[in-house]
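>
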Amino acid sequence: MSVVEALSRTRGGKRLHWTDYAAYGYLVLGVFLMFGPVVWLALSSFKTQASLLEFPPTLLPMSQKEAVVSGYDKPLPLFTVTLPDGSKKLMGQVRRVGLQAQMVDPNAPDKPINVAIGQRQPIRELAFATSNYTDPLRQFAFTRYLGNSVFVTIVATIITLLINSMAAFALSIYEFPGRNAAMVGIIGTLMIPITVILVPVYLVVTSLGLINSLWAVILPGAATPTGVFLLRQYMMTLPRDLIEAARMDKASEWQIYARIVLPLSLPALAVLAIFSVMWRWNEFLWPLAVLTKSESYTLQIGLNAFQGELQVQWQYLLAMTVLTLIPVSLVFVFLQRFITTGIANTGLK
Amino acid sequence: MAAASDHQSLDPASGLTSGLWSALVRLIDVPMRGVQALIGQRNMPYMFLLPNLAFFGLFVFVPLVIDVWFSVTGGSALFLGQRPYVGNQQYGYLFDCGSYLNPSSCREDHFWRGVQNTLVFTFFQVTMMVLFSLLTALVLNMKIRGRGFFRAVFFFPVLLSPVVVALIWKWILQRDGLLNAGLTSLGGQKILFFVDPSWAMFWAIFVSIWAHMGFYTLILLAGLQAIPADLYEAAEMDATPVSRVLWRITLPLLWPNLLVVLVLSLIKAVQTFDEVFVLTGGGPGSATLLIVQYIYETAFANQVQNFGLASAASVVLGVVLFVLTLIQLALTQRSKNA
Chain L
1367 MSVVEALSRT RGGKRLHWTD YAAYGYLVLG VFLMFGPVVW LALSSFKTQA
1417 SLLEFPPTLL PMSQKEAVVS GYDKPLPLFT VTLPDGSKKL MGQVRRVGLQ
1467 AQMVDPNAPD KPINVAIGQR QPIRELAFAT SNYTDPLRQF AFTRYLGNSV
1517 FVTIVATIIT LLINSMAAFA LSIYEFPGRN AAMVGIIGTL MIPITVILVP
1567 VYLVVTSLGL INSLWAVILP GAATPTGVFL LRQYMMTLPR DLIEAARMDK
1617 ASEWQIYARI VLPLSLPALA VLAIFSVMWR WNEFLWPLAV LTKSESYTLQ
1667 IGLNAFQGEL QVQWQYLLAM TVLTLIPVSL VFVFLQRFIT TGIANTGLK
Chain U
18 MAAASDHQSL DPASGLTSGL WSALVRLIDV PMRGVQALIG QRNMPYMFLL
68 PNLAFFGLFV FVPLVIDVWF SVTGGSALFL GQRPYVGNQQ YGYLFDCGSY
118 LNPSSCREDH FWRGVQNTLV FTFFQVTMMV LFSLLTALVL NMKIRGRGFF
168 RAVFFFPVLL SPVVVALIWK WILQRDGLLN AGLTSLGGQK ILFFVDPSWA
218 MFWAIFVSIW AHMGFYTLIL LAGLQAIPAD LYEAAEMDAT PVSRVLWRIT
268 LPLLWPNLLV VLVLSLIKAV QTFDEVFVLT GGGPGSATLL IVQYIYETAF
318 ANQVQNFGLA SAASVVLGVV LFVLTLIQLA LTQRSKNA
């Protein structure tokens, strides 16, 4: 059996149709296009400032090999030098003056020779510039931005879960006058995204004295129609007998909510929690409008400010971008299934 | 998941959280019983609705009213009492144009450039994205090895933040970036993508599609999987050609989902801001300035904060979105009934 034949067998034993080949081709191209840029970012983030400026760029983070030569304080960059007699030799460069370079043999450090710069080739090795990651932690407010983002994400998610589950509980368990009006009102908020009410929400937040506070980022998006409906859909499927039985036992309505309905709704709450974490971690326009002091920046706003500077320090920017996408990638790896079923069921992001 | 509610859970961490939770529940139960005694069990649902509705009221409905109020007042003060009533002057400024086709002839030329750019952006972004999402969903719906993996790959960028998305592509598209390296190695010239207006718009659209198509692919895939398999089996027995199956079975049955995706992506595209703002900053000049960026800059980023004009523009945007959302709800309702 030939290789092509082996590879083109399907589980059903049938041969592949031409459409299958086209499909695999499309998907492989898709993998390159969708993952490639992220991989390129991650690889670039380990390059030194000097190798980031190289053109054409190398695929892997490479930097010049250096060696300590006795008699010199600093490690010398290593080159392969083509000597006048045609032989090649490994040498360290002491200094470069114009088109000439003073080179020294590491084994005979007391006899430097002059070489034309065209006669030497740098020796490069794979090296990961981890300082791109460690420097920003010390020099910039990166940890502060990170802390702010974590705080906003966690607190906002807790508030979102609490108030939306309470509303969903009311709308799914009870029949009461005004229920439909409340539902229409909540659906109505879908039509009023933050882009439309940017200025007046800013006024409300200012009136509450929250400008430049993280609460200004947390509060306006805490109630979400998506959350209410996701939870309500789930709570409607819970058995009513449980609730009736609890009432017989003199449970208060609050206890019914907190002790019965909420624990039973954990799967739906988990989906909403994942969504909320993603929304909050990635939120941009509103924090950009409301956070004007750098000490209250979230990661996204901090990154944007950093990339807008006149001299973009790409080596740090790339590393911080990688750090910013790590939590989301972890969510992706472990919880992707919840998100995809959540989207497929509600059609909402 | 359900284990957390299980009181016999052996996990000490979940034991601790559930212990804390029940203590908290008991603590809150005291005032809650008081409230219940006061207003009666019948009225308790209002109590549960209250926090959520208070948030919606404070941060959605009240702002909506203020938005309109802002748009008919002038000056640069933020607080309503200090803003003089100017009637429809702000709207007059926005629509004061020599010719609507030529933004330079308008009093608020940036607004009209924003409108024009948003129309171009939305048209190409939505059509190309729906097309590619459909193609990807069709491919992923085939009997293919590693389908879960491929589906995840296309979905991955959806989770990335717009800032991260923009920075990833900015790094690739910059003057000495990967793409220009590829171009020069093929014997071409370097292109300054963010200096050329057409290229900047092209990449704004491309990057936006790259970031969002996974989401729509997922919705369409769910729609495809809901099509009864026996239809395909019957077609296979009759040896129906692939193209005929596509036109006669798949696309007609997918049509309701396709419409929803179309309108949903339209609503999102009109409001695009984040990734394009970080990628191009609206430039070169105002070549990729979209309407939301105009609103943001008019209100917050310009030297003179013009809240009135920004509100007037956002009311206009709001009306457009309102119409689009009504269409979406009608379509969703119809596809549910069908």
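Order-wise, the sequence lines are chains L and U. With positions in the first sequence counted from 1, the corresponding number in my numbering is that position plus 1366. With positions in the second sequence counted from 1, the corresponding number in my numbering is that position plus 17. Yeah, the Cβ is synthetic: ideal placement off N, Cα and C, and Gly gets one too. Keep in mind it's a predicted model, so treat the numbers as computed, not measured.
Does the region 1614-1624 of chain L come close enough to the region 1686-1699 of chain L to have 3 or more Cβ pairs within less than 8 Å?
No, because fewer than three Cβ pairs between the region 1614-1624 of chain L and the region 1686-1699 of chain L fall closer than 8 Å, the two stretches do not touch.
> Quick one: what does DSSP say Asp1471 of chain L is sitting in, helix, strand or coil?
Indexing the first sequence from 1 puts residue 1471 of chain L at position 105. Three-state DSSP puts Asp1471 of chain L in a strand.
> So the candidates are L:Lys1431, L:Gly1458, L:Leu1409, L:Arg1461; which of them puts its Cα closest to the Cα of Leu1689 of chain L?
One-based indexing of the first sequence puts residue 1689 of chain L at position 323. Nearest option by C-alpha distance: L:Leu1409.
> Please give me, in chain order, every unbroken run of the alpha helix (DSSP H) with length at least 4 that falls completely inside the region 94-164 of chain U.
Counting only runs of 4 or more, we get 106-111, 126-157.
> Cβ of Phe324 of chain U less than 7 Å from any chain L Cβ?
For the purposes of this step, residue 324 of chain U is identified with residue 307 of the second sequence, where counting begins at 1. At least one chain L Cβ lies under 7 Å of Phe324 of chain U.
> Please state whether DSSP places Gly15 of chain U in a helix, a strand or coil.
Since the displayed chain U opens at 18 and closes at 355, residue 15 of chain U lies outside it and no answer follows.
> Against chain L, with Cβ distances strictly below 7 Å, would Thr342 of chain U count as a contact?
In the second sequence, residue 342 of chain U corresponds to position 325, counting from 1. For Thr342 of chain U, the answer is yes, since a Cβ of chain L falls inside 7 Å of its Cβ.
> Beta-carbon of Phe1535 of chain L versus every beta-carbon of chain U: anything under 7 Å?
On the first sequence, position 169 is the one that residue 1535 of chain L refers to. It does: the Cβ of Phe1535 of chain L has a partner Cβ on chain U nearer than 7 Å.
> So which residues of chain U does Glu1491 of chain L contact, with C-beta pairs closer than 7 Å?
Numbered from its first residue, the first sequence carries residue 1491 of chain L at position 125. By Cβ distance, chain U contributes nothing, its closest Cβ being about 21 Å from Glu1491 of chain L, past 7 Å.
> Mind checking if Val333 of chain U is an interface residue toward chain L, Cβ cutoff 7 Å exclusive?
Position 316 of the second sequence, counting from 1, holds the residue named residue 333 of chain U. No, Val333 of chain U does not count as interfacial toward chain L.
> Quick one: any contact between the region 1566-1580 of chain L and the region 1596-1613 of chain L, if contact means 3 or more CB pairs under 8 Å?
Touching, no, given that fewer than three Cβ pairs across the two stretches are closer than 8 Å.
> What's the call for Ser331 of chain U, buried or exposed, on a 16-neighbour Cβ count within 10 Å?
For the purposes of this step, residue 331 of chain U is identified with residue 314 of the second sequence, where counting begins at 1. With 16 or more other Cβ atoms within 10 Å, it is buried.
> Contact between the region 1498-1511 of chain L and the region 1671-1686 of chain L is defined here as three or more beta-carbon pairs at a separation below 8 Å; is this criterion met?
These segments touch.
> Are the C-beta of Ile189 of chain U and some C-beta of chain L separated by less than 7 Å?
Mapped onto the second sequence, residue 189 of chain U falls at position 172. It does; some Cβ of chain L falls within 7 Å.
> Looking at C-alpha atoms only, which residue of U:Leu348, U:Phe172, U:Phe76 is the closest neighbour of Val1565 of chain L?
Translated into the one-based positions of the first sequence, residue 1565 of chain L becomes position 199. Nearest C-alpha to Val1565 of chain L: U:Phe76.
> Do you know how far the Cα of Ser1429 of chain L is from the Cα of Gly1437 of chain L?
Within the first sequence, numbered from 1, the residue matching residue 1437 of chain L stands at position 71. Within the first sequence, numbered from 1, the residue matching residue 1429 of chain L stands at position 63. When rounded, the distance between both Cα atoms is 24 Å.
> Under the rule that 16 or more other beta-carbon atoms within 10 Å means buried, what is Gln1415 of chain L, buried or exposed?
Here residue 1415 of chain L refers to the residue found at position 49 when the first sequence is read from its first residue. So Gln1415 of chain L ends up on the exposed side.
> I need the boundaries of the beta strand (DSSP E) containing Ser1429 of chain L, first residue and last residue.
As a position in the first sequence, residue 1429 of chain L is number 63, starting the count at 1. It spans 1428-1430 - the beta strand (DSSP E) in which Ser1429 of chain L sits, taken as one unbroken run.
> Can you find a C-beta in chain L that's less than 7 Å from the C-beta of Arg100 of chain U?
Residue 100 of chain U sits at position 83 when you count from the first residue of the second sequence. No, no contact with chain L.
> Starting from Asn69 of chain U, find everything on chain L with Cβ-Cβ shorter than 8 Å and list it in chain order.
Taking the second sequence and counting its residues from 1, the one referred to as residue 69 of chain U is at position 52. Under the 8 Å cutoff, chain L gives Ile1529, Asn1530, Met1532, Ala1533, Ile1552, Ala1589, Val1594.
> Along the chain, where does the alpha helix (DSSP H) that runs through Met1457 of chain L open and close?
Residue numbering aside, residue 1457 of chain L sits at position 91 when the first sequence is read from its first letter. Taken as a continuous stretch (DSSP letters only), Met1457 of chain L belongs to no alpha helix (DSSP H), being part of the beta strand (DSSP E) at 1454-1463.
> Which residues in chain L sit within 8 Å of Phe171 of chain U, going by Cβ to Cβ distance?
The count along the second sequence starts at 1 and reaches residue 171 of chain U at position 154. Per Cβ cutoff of 8 Å: Gly1396, Met1400.
> What do you reckon, are the CB atoms on Pro1472 of chain L and Ile189 of chain U nearer than 7 Å?
Mapped onto the first sequence, residue 1472 of chain L falls at position 106. Mapped onto the second sequence, residue 189 of chain U falls at position 172. For Pro1472 of chain L and Ile189 of chain U, no; Cβs fall outside 7 Å.
> With a threshold of 8 Å on Cβ separation, who are the neighbours of Ala1507 of chain L within its own chain once the five nearest residues in sequence on each side are excluded?
Translated into positions along the first sequence, residue 1507 of chain L becomes position 141. Cβ within range, chain order: Ser1660, Glu1661, Tyr1663, Gly1668.
> Which chain U residues sit within Cβ distance under 7 Å of Tyr1540 of chain L?
If you number the first sequence from 1, residue 1540 of chain L lands on position 174. The contacting residues are Pro62.
> Quick one: give me the first and last residue of the alpha helix (DSSP H) that Gln310 of chain U is part of.
Stepping through the second sequence from its first residue, residue 310 of chain U is reached at position 293. 308-313 is the extent of the alpha helix (DSSP H) around Gln310 of chain U.
> Assess contact between the region 35-52 of chain U and the region 1591-1606 of chain L, defined as three or more Cβ pairs (one per stretch) separated by less than 8 Å. Is contact present?
Because the criterion of three Cβ pairs below 8 Å is not met, the region 35-52 of chain U and the region 1591-1606 of chain L do not touch.
> Tell me the rounded alpha-carbon separation between Arg1625 of chain L and Leu1527 of chain L.
On the first sequence, residue 1625 of chain L is found 259 positions in, with the first residue counted as 1. On the first sequence, residue 1527 of chain L is found 161 positions in, with the first residue counted as 1. Taking the straight line from one Cα to the other gives about 15 Å.
> Per DSSP, what kind of secondary structure is Asn319 of chain U in: helix, strand or coil?
Start at 1 with the first residue of the second sequence, and residue 319 of chain U comes out as number 302. Coil at Asn319 of chain U, not helix or strand.
> Rounded to whole angstroms, how far is the Cβ of Ala1325 of chain L from the Cβ of Ile1529 of chain L, which I believe are closer than 8 Å?
Residue coverage of chain L in this structure runs from 1367 to 1715, which leaves residue 1325 of chain L outside it and unanswerable.
> For the candidate residues U:Asp291, U:Glu250, U:Ala252, U:Val170, whose alpha-carbon lies nearest to that of Tyr1392 of chain L?
Counted from its first residue, the first sequence places residue 1392 of chain L at position 26. Cα-wise, what sits closest to Tyr1392 of chain L is U:Val170.
> Considering only residues of the region 1521-1595 of chain L, which uninterrupted beta strand (DSSP E) runs meet the minimum length of 3 residues and lie entirely inside it, listed in chain order?
As far as the region 1521-1595 of chain L is concerned, it has no whole beta strand (DSSP E) run of at least 3 residues.
> Would you mind reading off the limits of the beta strand (DSSP E) that contains Phe1445 of chain L?
What you label residue 1445 of chain L is simply residue 79 of the first sequence in a count that begins at 1. Looking at the DSSP string, the run of the beta strand (DSSP E) that includes Phe1445 of chain L is 1442-1448.
> Hey, could you find the ends of the alpha helix (DSSP H) Leu190 of chain U is sitting in?
In the second sequence, counting from the first residue as 1, residue 190 of chain U sits at position 173. That run of the alpha helix (DSSP H) goes 179-190.
> Report all residues from its chain with a CB closer than 8 Å to the CB of Ala1671 of chain L; omit the five preceding and five following residues, and keep chain order.
Stepping through the first sequence from its first residue, residue 1671 of chain L is reached at position 305. Counting only Cβ-Cβ distances below 8 Å, and skipping sequence neighbours, we find Ser1660, Tyr1663.
> Could you work out which residues of chain U lie near Tyr1392 of chain L, taking near to mean beta carbons separated by less than 9 Å?
Here residue 1392 of chain L corresponds to residue number 26 of the first sequence, with the count starting at 1. Per Cβ cutoff of 9 Å: Leu152, Thr153, Val156.
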